[in-house]
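Engineer: One structure follows; several queries about it will come next.
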Amino acid sequence: MPRLLRDRLTWLSYAQLGIWGYFLYAFAPVVPLLQDEQGTSKFVASLHGSALAVGSMIGGGLVYPLLLRRFGRGRVVWIGLAGVAVGVTALVLSEPLPLTLGATLLASIFGIVVVSYISPTLTDAHGPSAPAAISEANAMASGLGVIAPAVVGGAVALGYGWRPAIAVTVLLIAALALYAKVTHTSTVTGGYAVVHGDRPGRLPLAYWFAWAVMALFGAVEVCLTQWGSTVLRDHAGMSDGAAAGSISAVIGGMFVGRLVGGRLGLRYRPATLLLGSLAFALAGFALFWTSTAPALAVVGLVLAGLGMAVHYPMGIALCIDASGGHPDRATALSSYAMGMSFGMTTFILAPVADRIGTHRAFLLLPILLAVGAVCVWQASRRLPARVPATTG
Numbered sequence: 020m021p022r023l024l025r026d027r028l029t030w031l032s033y034a035q036l037g038i039w040g041y042f043l044y045a046f047a048p049v050v051p052l053l054q055d056e057q058g059t060s061k062f063v064a065s066l067h068g069s070a071l072a073v074g075s076m077i078g079g080g081l082v083y084p085l086l087l088r089r090f091g092r093g094r095v096v097w098i099g100l101a102g103v104a105v106g107v108t109a110l111v112l113s114e115p116l117p118l119t120l121g122a123t124l125l126a127s128i129f130g131i132v133v134v135s136y137i138s139p140t141l142t143d144a145h146g147p148s149a150p151a152a153i154s155e156a157n158a159m160a161s162g163l164g165v166i167a168p169a170v171v172g173g174a175v176a177l178g179y180g181w182r183p184a185i186a187v188t189v190l191l192i193a194a195l196a197l198y199a200k201v202t203h204t205s206t207v208t209g210g211y212a213v214v215h216g217d218r219p220g221r222l223p224l225a226y227w228f229a230w231a232v233m234a235l236f237g238a239v240e241v242c243l244t245q246w247g248s249t250v251l252r253d254h255a256g257m258s259d260g261a262a263a264g265s266i267s268a269v270i271g272g273m274f275v276g277r278l279v280g281g282r283l284g285l286r287y288r289p290a291t292l293l294l295g296s297l298a299f300a301l302a303g304f305a306l307f308w309t310s311t312a313p314a315l316a317v318v319g320l321v322l323a324g325l326g327m328a329v330h331y332p333m334g335i336a337l338c339i340d341a342s343g344g345h346p347d348r349a350t351a352l353s354s355y356a357m358g359m360s361f362g363m364t365t366f367i368l369a370p371v372a373d374r375i376g377t378h379r380a381f382l383l384l385p386i387l388l389a390v391g392a393v394c395v396w397q398a399s400r401r402l403p404a405r406v407p408a409t410t411g
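Going by the numbering used here, the sequence shown opens with residue 20, and the numbers climb by one from there.
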């Protein structure tokens with residue numbers, strides 16, 4: 020079995036992704052609060068999800084490749100974090116809908132630059148152990164994500180509103196940049212960090228099935244984290260603050276699941292872990308959806324989080340496995356899948372929820388999981404055989 024050896028740059032990469040995770044999971048329960056604050060419909064409020072989607076496509080498909088060719092991975096990740104800080108600052112200072120949408124778009128563009136940097140960098144650094152490293156990096160994102168909705172819920176409950184909780188993102192970026200400077204830890208130098216991207220080329224059919232997995236499973240995560248608090252409030256009878264804070268349950272499940280997934284990723288291929296995770300995701304969703312008791316609904320979110328934990332890290336690992344030796348290209352294009360995830364939430368779930376209610380609209384999620392499972396199977400059967408790794 021391969022071993023995962025974590026150097027200082029690996030830990031720094033984990034932290035860089037973790038900061039983006041904090042913002043993303045803090046922002047999810049803010050969307051229903053923005054709906055109330057701005058007096059809009061669920062569809063209009065979910066346009067913030069569309070802004071994240073468009074930003075991810077611009078950031079991953081256009082901005083990241085351009086910056087990568089010009090600066091290399093090491094500098095690109097800090098440019099991305101600086102852009103996130105600017106976007107978050109604009110969001111905190113904004114109130115009208117056009118401004119909050121624009122600020123969300125800006126933060127997303129540069130956030131996906133950070134995300135696009137992580138997976139190919141860890142793949143170059145860790146080889147056969149890369150799925151485990153990618154899972155651990157996303158566990159860091161989930162770990163900070165667990166805190167994020169609780170911070171939002173606490174700020175709202177105390178009467179400060181959601182803005183101070185979102186502003187924490189800027190403080191985390193500043194603290195990490197200071198740490199990197201003081202300790203002379205830089206991703207500009209050092210072996211795998213100066214790569215300027217792989218060669219262009221045609222991606223095989225297996226990759227596009229893996230791409231669809233990212234979109235479908237990603238939509239389930241977006242729906243639960245962005246609108247799960249509405250179900251907790253309207254169906255389980257929780258207050259606004261408690262419902263927003265309780266989204267930490269699903270992210271907590273994802274944190275634990277990604278730590279475990281990191282170990283399992285050393286033994287099993289990504290497709291195997293993705294298929295095995297569906298039982299937890301479906302069981303958790305069923306308990307969450309059927310429960311009117313807040314405690315049981317929250318337990319359901321934990322179970323759903325355990326199942327969804329490996330969806331992104333193993334999904335991106337599956338994309339890289341299926342890319343035919345084009346990890347940067349595969350990762351950049353996967354940003355369009357993430358954009359599709361937000362798009363499905365905006366243009367499918369939100370309009371249906373406006374008509375029949377969020378609770379009943381959530382029945383779309385098991386359908387997305389089922390279609391995603393078929394795509395995992397189709398991708399896995401087209402993968403080349405794995406070369407046995409050297410054990411250590």
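All C-beta atoms in this analysis are idealised placements derived from N, C-alpha and C, irrespective of residue type, glycine included.
By how many angstroms is the C-alpha of Ala389 removed from the C-alpha of Ala144?
Structural biologist: Whole-angstrom Cα-Cα distance: 34 Å.
Engineer: Taking Cys242 as the reference, give the member of Leu23, Leu24, Trp39, Tyr44 with the closest Cα.
Structural biologist: Closest by alpha carbon: Tyr44.
Engineer: Taking all protein chains shown into account, decide if Lys200 is buried (16 or more other Cβ within 10 angstroms of its Cβ) or exposed.
Structural biologist: So Lys200 ends up on the exposed side.
Engineer: Ordered along the chain, which non-local residues of its own chain (more than five positions away) have a Cβ less than 8 Å from that of Ile185?
Structural biologist: Same-chain partners within the cutoff: Phe42, Ala45, Phe46, Val49, Val107, Leu110, Val111, Val171.
Engineer: Extract the residue ranges of the alpha helix (DSSP H) inside the stretch 122-195, only unbroken runs of 4 or more that lie entirely within it.
Structural biologist: Within the stretch 122-195, the complete alpha helix (DSSP H) runs of at least 4 residues are 149-176.
Engineer: Assign Arg277 to buried or exposed, taking buried as 16 or more other Cβ atoms, counted over all protein chains shown, within 10 Å of its Cβ.
Structural biologist: It is buried - the Cβ of Arg277 has at least 16 other Cβ atoms within 10 Å.
Engineer: In this structure, does DSSP put Tyr83 in helix, strand or coil?
Structural biologist: Tyr83 falls in the helix class under three-state DSSP.
Engineer: For Gly237, name the three-state secondary structure that DSSP assigns.
Structural biologist: Here Gly237 sits in helix by DSSP.
Engineer: Along the chain, where does the alpha helix (DSSP H) containing Tyr41 start, and where does it finish?
Structural biologist: That run of the alpha helix (DSSP H) goes 27-46.
Engineer: From Leu301 to Ala323, what does the alpha carbon distance come to, in whole angstroms?
Structural biologist: About 7 Å.
Engineer: What number of angstroms, rounded off, separates the C-alpha of Gly237 from the C-alpha of Ala356?
Structural biologist: Near 8 Å, if we compare the C-alpha coordinates of Ala356 and Gly237.
Engineer: So, under 8 Å CB-CB, Thr249 and Pro51 are touching, yes? Tell me the CB distance rounded to an integer number of Å.
Structural biologist: Contact holds; Cβ gap of about 5 Å.
Engineer: Report yes or no: do three or more beta-carbon pairs, one from the stretch 150-162 and one from the stretch 57-69, lie closer than 8 Å?
Structural biologist: Contact between the stretch 150-162 and the stretch 57-69 is absent, because fewer than three Cβ pairs lie under 8 Å.
Engineer: Under the assumption that Trp308 contacts Phe228 (Cβ atoms under 8 Å), give the Cβ distance between them as a whole number of angstroms.
Structural biologist: Not a contact, Cβ separation roughly 28 Å.
Engineer: Indicate whether Leu325 and Gly343 have their beta-carbon atoms separated by less than 8 Å.
Structural biologist: Not in contact: Leu325 and Gly343 (Cβ atoms no closer than 8 Å).
Engineer: Let me know if Thr410 comes out buried or exposed under the rule of 16 or more other beta-carbons within 10 Å of its beta-carbon.
Structural biologist: Residue placement at Thr410 cannot be trusted, given a pLDDT of 37 that sits under 50; what the coordinates show is reported in the next sentence. Classification for Thr410: exposed.
Engineer: Using 8 Å as the threshold, is the C-beta distance between Ala104 and Ile192 below it?
Structural biologist: Yes, the Cβ-Cβ distance between Ala104 and Ile192 is below 8 Å.
Engineer: Alpha carbon to alpha carbon, how far is Leu85 from Leu36?
Structural biologist: Cα to Cα, Leu85 sits roughly 20 Å from Leu36.
Engineer: Just curious, the alpha helix (DSSP H) that Phe274 is in, first and last residue?
Structural biologist: 267-283 is the span of the alpha helix (DSSP H), which, as asked, contains Phe274.
Engineer: With Val49 as the anchor, note down where its alpha helix (DSSP H) starts and where it stops.
Structural biologist: Note, Val49: alpha helix (DSSP H), 49-57.
Engineer: So Ile77 and Ser161 are supposed to be a Cβ contact under 8 Å. How far apart are they, rounded?
Structural biologist: That belief does not hold up - the Cβ atoms of Ile77 and Ser161 are roughly 25 Å apart, past 8 Å.
Engineer: Buried or exposed: Val393, going by 16 or more other Cβ atoms within 10 Å of its Cβ?
Structural biologist: Exposed: under 16 other Cβ atoms inside 10 Å.
Engineer: Do the stretch 365-379 and the stretch 86-97 touch if we need at least three Cβ pairs shorter than 8 Å?
Structural biologist: In short, these stretches do not touch, since the Cβ pair count stays below three.
Engineer: Would Arg379 be called buried (16 or more neighbouring beta carbons within 10 Å of its own) or exposed?
Structural biologist: Flag for Arg379 reads exposed.
Engineer: What is the rounded straight-line gap between the Cα of Thr29 and the Cα of Arg401?
Structural biologist: Approximately 31 Å, taken between the alpha carbons.
Engineer: What three-state label does DSSP hand Arg401 in the structure shown?
Structural biologist: Three-state result, Arg401: coil.
Engineer: Could you check what DSSP says for Arg22 in three-state terms: helix, strand or coil?
Structural biologist: Coil.
Engineer: Given a threshold of 16 other Cβ atoms within 10 Å of its Cβ, counted over all protein chains shown, does Pro332 qualify as buried or as exposed?
Structural biologist: With 16 or more Cβ atoms within 10 Å of its Cβ, Pro332 is classed as buried.
Engineer: Identify whether Val329 lies in helix, strand or coil by the three-state DSSP scheme.
Structural biologist: Of the three classes helix, strand and coil, the one that applies to Val329 here is coil, per DSSP.
Engineer: In angstroms, rounded to a whole number, what distance separates the CA positions of Leu383 and Gly391?
Structural biologist: Looking at the two C-alpha atoms, the distance is approximately 13 Å.
Engineer: For Val395 and Thr291, what's the separation of their Cα atoms in angstroms?
Structural biologist: Near 9 Å, if we compare the C-alpha coordinates of Thr291 and Val395.
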